[in-house]
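Q:
2 protein chains.
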Amino acid sequence: MCVRRCVITVGDLGEFGAINRITGRLPQGAAVMLGPGDDAAVIGAPDGRVAVSTDLLIEGRHFRRDWSSGYDVGRKAAAQNLADVAAMGATPTCIVVGLGIPADLPVTWLDALTEGFRDECAVVGASVAGGDITRCDLVVLGVTALGDLGGRPPVTRAGAAPGQVVAVAGRLGYAAAGWALLEAGAPVDSSVLQEAVAAHRRPCPPYAEGPRAAELGATAMLDVSDGLLQDLGHVAKASGVRIELDPQAFPIGEPVAVAAKELGVDPLEWVLAGGEDHALAAVFPKDVRLPASWQVVGRVIEGDGVLVYGREIGHSGWDHFR
Amino acid sequence: MCVRRCVITVGDLGEFGAINRITGRLPQGAAVMLGPGDDAAVIGAPDGRVAVSTDLLIEGRHFRRDWSSGYDVGRKAAAQNLADVAAMGATPTCIVVGLGIPADLPVTWLDALTEGFRDECAVVGASVAGGDITRCDLVVLGVTALGDLGGRPPVTRAGAAPGQVVAVAGRLGYAAAGWALLEAGAPVDSSVLQEAVAAHRRPCPPYAEGPRAAELGATAMLDVSDGLLQDLGHVAKASGVRIELDPQAFPIGEPVAVAAKELGVDPLEWVLAGGEDHALAAVFPKDVRLPASWQVVGRVIEGDGVLVYGREIGHSGWDHFR
Numbered sequence: 001m002c003v004r005r006c007v008i009t010v011g012d013l014g015e016f017g018a019i020n021r022i023t024g025r026l027p028q029g030a031a032v033m034l035g036p037g038d039d040a041a042v043i044g045a046p047d048g049r050v051a052v053s054t055d056l057l058i059e060g061r062h063f064r065r066d067w068s069s070g071y072d073v074g075r076k077a078a079a080q081n082l083a084d085v086a087a088m089g090a091t092p093t094c095i096v097v098g099l100g101i102p103a104d105l106p107v108t109w110l111d112a113l114t115e116g117f118r119d120e121c122a123v124v125g126a127s128v129a130g131g132d133i134t135r136c137d138l139v140v141l142g143v144t145a146l147g148d149l150g151g152r153p154p155v156t157r158a159g160a161a162p163g164q165v166v167a168v169a170g171r172l173g174y175a176a177a178g179w180a181l182l183e184a185g186a187p188v189d190s191s192v193l194q195e196a197v198a199a200h201r202r203p204c205p206p207y208a209e210g211p212r213a214a215e216l217g218a219t220a221m222l223d224v225s226d227g228l229l230q231d232l233g234h235v236a237k238a239s240g241v242r243i244e245l246d247p248q249a250f251p252i253g254e255p256v257a258v259a260a261k262e263l264g265v266d267p268l269e270w271v272l273a274g275g276e277d278h279a280l281a282a283v284f285p286k287d288v289r290l291p292a293s294w295q296v297v298g299r300v301i302e303g304d305g306v307l308v309y310g311r312e313i314g315h316s317g318w319d320h321f322r
Numbered sequence: 001m002c003v004r005r006c007v008i009t010v011g012d013l014g015e016f017g018a019i020n021r022i023t024g025r026l027p028q029g030a031a032v033m034l035g036p037g038d039d040a041a042v043i044g045a046p047d048g049r050v051a052v053s054t055d056l057l058i059e060g061r062h063f064r065r066d067w068s069s070g071y072d073v074g075r076k077a078a079a080q081n082l083a084d085v086a087a088m089g090a091t092p093t094c095i096v097v098g099l100g101i102p103a104d105l106p107v108t109w110l111d112a113l114t115e116g117f118r119d120e121c122a123v124v125g126a127s128v129a130g131g132d133i134t135r136c137d138l139v140v141l142g143v144t145a146l147g148d149l150g151g152r153p154p155v156t157r158a159g160a161a162p163g164q165v166v167a168v169a170g171r172l173g174y175a176a177a178g179w180a181l182l183e184a185g186a187p188v189d190s191s192v193l194q195e196a197v198a199a200h201r202r203p204c205p206p207y208a209e210g211p212r213a214a215e216l217g218a219t220a221m222l223d224v225s226d227g228l229l230q231d232l233g234h235v236a237k238a239s240g241v242r243i244e245l246d247p248q249a250f251p252i253g254e255p256v257a258v259a260a261k262e263l264g265v266d267p268l269e270w271v272l273a274g275g276e277d278h279a280l281a282a283v284f285p286k287d288v289r290l291p292a293s294w295q296v297v298g299r300v301i302e303g304d305g306v307l308v309y310g311r312e313i314g315h316s317g318w319d320h321f322r
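Structure (structure tokens):
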């Protein structure tokens with residue numbers, strides 16, 4: 001009988017109960033030779049090299065429990081790391097997750113988080129191969145993704161050269177529009193606005209376009225996490241080139257356009273400076289024949305920085321300490 | 001001129017300034033084919049498999065800034081993950097670090113942390129190949145270590161069989177003694193007590209003994225992070241065996257003995273239940289000839305659980321939620 005408190009919490013389960021509950025929900029992908037439960041997992045790396053990327057997500061900074069469900073947080077946390085691996089031209093093989101959670105966290109939230117991780121990994125045939133759990137007053141997620149390069153050289157940020165073209169795959173500005181709607185407390189009553197909010201809660205990176213771009217001869221690539229201008233600035237700097245973007249070339253998604261009208265904002269601001277959609281941006285040789293999933297949005301010339309409308313746009317992305 | 005505030009903080013540097021400062025202090029090991037600065041690092045995995053382990057360390061829970069320097073925290077955080085990889089019989093190749101830090105963190109602390117990570121990795125020929133930095137009110141470290149199995153099968157927790165022997169390499173009880181001294185506010189005025197406190201701040205895992213044990217035919221192995229009894233309980237459970245320890249077989253280190261006398265504690269309690277020294281515990285075939293670095297402390301018989309003095313000792317280790 002439940003009189004005083006009906007919510008089962010992580011503290012009720014204890015550390016090993018929580019671990020068992022999590023691992024019981026995690027089927028393992030083909031690359032996982034030894035999954036959760038030992039000192040380390042063992043993952044296939046047939047290429048003889050492994051791509052590895054890690055991110056830390058902090059409650060209140062990267063997500064809010066009142067804005068995003070546990071399931072959404074799991075999908076987003078997995079997505080941003082899987083996208084980093086894809087942006088090297090690699091195919092993700094697994095993630096491992098360090099999980100800091102409060103003892104009073106409802107077990108249902110933990111279950112949903114686990115299922116979010118599981119489902120986002122499944123999109124690319126990967127899985128959660130291991131992790132660590134500890135108590136923390138905030139929900140903190142340390143997510144590391146591994147990937148296999150399939151015999152291809154990694155596509156870094158440093159290979160762009162004058163004369164090449166810049167293209168993007170995936171959505172731009174959706175997550176920023178959704179975040180702005182939530183922060184403004186705007187009514188989100190239409191399905192088109194709901195799509196923007198959903199994009200903030202759960203990005204849809206075009207994972208398969210990463211290895212595909214590598215096969216198409218991409219000379220530089222990254223995932224757009226801090227905003228296209230800032231992220232392409234990294235490519236310009238690492239490659240020693242200038243990138244000139246054509247603002248007319250960007251398709252403005254309907255959710256971005258409608259949210260911008262609602263909030264009186266220039267939608268291009270979200271497209272160019274909004275992060276967290278985890279689109280891929282890549283540079284290709286000029287004569288490349290790109291599939292429809294890639295949209296040419298600019299070109300590489302001599303010089304430095306990133307130009308839009310012929311002028312350099314400031315550092316508009318996200319700095320975690322300013 | 002510095003009038004109001006002379007401490008340079010992470011907030012003064014900004015995110016990219018902090019990243020540059022960190023990566024400038026990180027030479028890269030032989031396995032690193034692409035280091036920090038891109039979406040992902042690329043690490044050699046000549047074995048065609050990669051061992052991967054992750055841990056989350058939270059300020060106030062796993063370390064205190066008033067008890068441990070940034071350098072000590074870096075060494076400890078690296079050590080506990082490198083030890084996990086070694087406990088599979090693998091040779092660590094790199095770590096990646098997700099770093100959550102407050103804007104008012106002094107840059108000197110960040111520098112020391114970085115140097116601690118660097119130096120602990122250097123002990124095994126590894127390096128910090130990548131990471132992520134974000135703002136957080138607490139210092140939070142998400143550390144992931146990778147390792148190469150060198151063609152050997154991973155040594156899991158599940159291979160122990162009746163008739164085999166249990167052995168340990170490395171120190172036991174030192175870190176627990178040091179922690180107890182600090183928590184009691186006891187005077188630490190002798191070099192022998194200082195050694196215990198130093199062991200709490202900075203473990204010295206016997207990394208090379210991991211691959212060595214694998215080569216000697218270890219059938220099960222783990223690193224002692226939550227206390228020997230609890231950790232061997234995992235081996236007993238995973239292998240479906242009983243482990244019987246001989247309490248007389250454990251050498252009690254002088255710092256453990258002296259600290260125990262100082263605080264009126266049975267030193268064997270720290271040896272058997274204290275975690276964080278990251279010793280290695282392994283099971284070997286009965287006829288193995290072990291080098292002096294491994295001490296036989298028990299045997300595997302039929303049954304379940306872990307016995308000391310012929311009786312089962314309760315769950316004496318550390319549960320993060322209880």
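Chains Y and R supply the protein sequences, listed in that same order.
Counting with the UniProt record's numbering, you get residues 1 to 322 for the letters of the first sequence.
Counting with the UniProt record's numbering, you get residues 1 to 322 for the letters of the second sequence.
Ideal placement from N, C-alpha and C gives every residue a C-beta, glycine not left out.
Only a predicted model underlies this, so the values are computations on that prediction, with no experimental measurement involved.
For G159 of chain R and K286 of chain R, which I take to be in contact (beta-carbon distance under 8 Å), what is that distance rounded to the nearest angstrom?
A: Their Cβ separation, rounded to whole angstroms, is 14 Å, which puts G159 of chain R and K286 of chain R out of contact at 8 Å.
Q: Check each residue of the segment 18 to 52 of chain R: if its Cβ is closer than 8 Å to any Cβ of chain Y, include it; give the result in chain order.
A: Those residues of the segment 18 to 52 of chain R that come within reach of chain Y (Cβ to Cβ, closer than 8 Å) are A18, M33, L34, G37, D38, D39, A40, A41, V42, I43, G44, A45, P46, D47, G48, R49, V50, A51 and V52.
Q: With distance defined between alpha-carbon atoms, name the residue in Y:D277, Y:E195, Y:V296 and Y:A177 nearest to V283 of chain Y.
A: Among Y:D277, Y:E195, Y:V296 and Y:A177, the Cα nearest to that of V283 of chain Y belongs to Y:V296.
Q: Identify every run of the alpha helix (DSSP H) within the segment 49 to 104 of chain Y, keeping only runs that are complete inside it and at least 4 residues long; order them along the chain.
A: Counting only runs of 4 or more, we get 70 to 86.
Q: Considering only the alpha carbon of each residue, which of Y:A175, Y:E183 and Y:V42 lies closest to L76 of chain Y?
A: Position check: residue 76 of chain Y holds Lys in this sequence, whereas Leu was assumed. Out of Y:A175, Y:E183 and Y:V42, Y:A175 has the C-alpha closest to the C-alpha of K76 of chain Y.
Q: Within 10 Å of its beta-carbon, does Q230 of chain R have 16 or more other beta-carbons around it, so buried, or fewer, so exposed?
A: Per the 10 Å Cβ criterion, buried.
Q: For E302 of chain R, does the three-state DSSP call read helix, strand or coil?
A: If DSSP states are grouped into helix, strand and coil, E302 of chain R belongs with coil.
Q: What do you get for E244 of chain Y, buried or exposed, if any count of 16 or more other CB atoms within 10 angstroms of its CB means buried?
A: E244 of chain Y comes out buried.
Q: Let me see if you follow: with CB-CB separation under 8 Å, is L146 of chain R close to chain Y or not?
A: At least one chain Y Cβ lies under 8 Å of L146 of chain R.
Q: May I have the straight-line CA-CA distance separating I22 of chain R from G100 of chain R, to the nearest angstrom?
A: Distance between the alpha carbons of I22 of chain R and G100 of chain R: 13 Å.
Q: Should C6 of chain R go down as buried or exposed, given a rule of 16 or more other Cβ atoms within 10 Å for buried?
A: Answer is exposed; the Cβ neighbour count stays below 16.
Q: Since L146 of chain R is in the beta strand (DSSP E), which residue starts that stretch and which ends it?
A: V140 to D148 is the extent of the beta strand (DSSP E) around L146 of chain R.
Q: Using the three-state DSSP reduction, which class does G29 of chain Y fall into: helix, strand or coil?
A: Note: G29 of chain Y maps to coil in three-state DSSP.
Q: Using CA coordinates, which residue listed in Y:E183, Y:G240, Y:E262 and Y:Q28 is at the minimum distance from I301 of chain Y?
A: Comparing Cα positions, the closest option is Y:G240.
Q: For the segment 178 to 207 of chain R, which residues have a beta carbon sitting closer than 9 Å to at least one beta carbon of chain Y?
A: Listed by position along the chain: nothing, the set is empty.
Q: Roughly how many angstroms lie between the CA atoms of L105 of chain Y and G11 of chain Y, to the nearest whole one?
A: One C-alpha to the other measures close to 8 Å.
Q: Flag this pair as yes or no: are the beta carbons of E15 of chain R and Y71 of chain R separated by less than 8 Å?
A: It is not a contact, given that the beta carbons lie outside the stated cut-off.
Q: Taking I301 of chain Y as the query, report the chain R residues whose CB atoms sit under 7 Å from its CB, ordered along the chain.
A: Neighbours of I301 of chain Y on chain R: none; closest Cβ ~23 Å, over 7 Å.
Q: If contacts are defined as beta-carbon pairs under 8 Å, then L272 of chain R and G303 of chain R qualify, I think. What distance do you get, rounded to the angstrom?
A: 19 Å between Cβ atoms; not a contact.
Q: Whose C-beta lies closer than 6 Å to the C-beta of F117 of chain R among residues of the same chain, with five residues either side of it excluded?
A: Same-chain partners within the cutoff: G74, A78 and V128.
Q: Let's see if you can read the secondary structure: which residues bound the beta strand (DSSP E) around A167 of chain R?
A: From DSSP, the beta strand (DSSP E) with A167 of chain R extends over V165 to A169.
Q: Starting from the C-beta of V288 of chain R, find all residues in its chain whose C-beta is less than 8 Å away, skip the five residues before and the five after it, and write them out in chain order.
A: Result list for V288 of chain R: V165, L216 and G217, in chain order.
Q: Under a Cβ-count criterion, where at least 16 other Cβ atoms within 10 Å of its own Cβ denotes burial, should I8 of chain R be classed as buried or exposed?
A: It is exposed - the Cβ of I8 of chain R has fewer than 16 other Cβ atoms within 10 Å.
Q: Taking its Cβ as the centre, do 16 or more other Cβ atoms sit within 10 Å of Y207 of chain Y, making it buried, or is it exposed?
A: Counting Cβ neighbours within 10 Å, Y207 of chain Y comes out buried, since at least 16 surround it.
Q: Measuring only between beta-carbons, confirm whether R212 of chain Y sits less than 8 Å from chain R.
A: Chain R contact via Cβ: absent.
Q: Spatial neighbours of L57 of chain R within its chain, please: CB distance less than 6 Å, with the 5 preceding and 5 following residues excluded, ordered by chain position.
A: Excluding positions up to five away in sequence, the list reads A77 and L141.
Q: With burial defined as no fewer than 16 other Cβ atoms inside 10 Å of the residue's Cβ, what is the status of T108 of chain Y: buried or exposed?
A: Exposed: under 16 other Cβ atoms inside 10 Å.
Q: Tell me, to the nearest whole angstrom, how far the beta carbon of A45 of chain Y is from that of A51 of chain R; I am working on the premise that it is less than 8 Å.
A: Contact flag wrong, Cβ pair sits at about 10 Å.
Q: Run through DSSP, which three-state label would P106 of chain R get?
A: In this structure, P106 of chain R counts as strand in the three-state DSSP scheme.
Q: Going by Cα to Cα distance, which pick from R:G98, R:T156 and R:P27 is closest to A213 of chain R?
A: Selected option, being the one with the closest Cα: R:T156.
Q: Here's a check: name, in chain order, each residue in its chain whose Cβ is nearer than 6 Å to the Cβ of V168 of chain R, leaving out the five neighbours to either side.
A: A279, A281, Q295 and V297.
Q: With C-beta atoms as the reference, is C94 of chain R less than 8 Å away from V32 of chain R?
A: The answer is yes: Cβ separation under 8 Å.
Q: Determine, using beta carbons only, whether G130 of chain Y and A18 of chain Y come nearer to each other than 8 Å.
A: It is not a contact, given that the beta carbons lie outside the stated cut-off.
Q: In terms of DSSP beta bridges, what is A260 of chain Y paired with?
A: Note: A260 of chain Y sits in no beta bridge, so no partner.
Q: Between the Cα of G29 of chain R and the Cα atoms of R:G60, R:V235 and R:A126, which residue gives the shortest distance?
A: Ranking the options by Cα distance to G29 of chain R, first place goes to R:A126.
Q: Show which residues of chain Y have a CB atom less than 7 Å away from the CB atom of T219 of chain R.
A: The contacting residues do not exist; T219 of chain R stays about 14 Å from chain Y at best.
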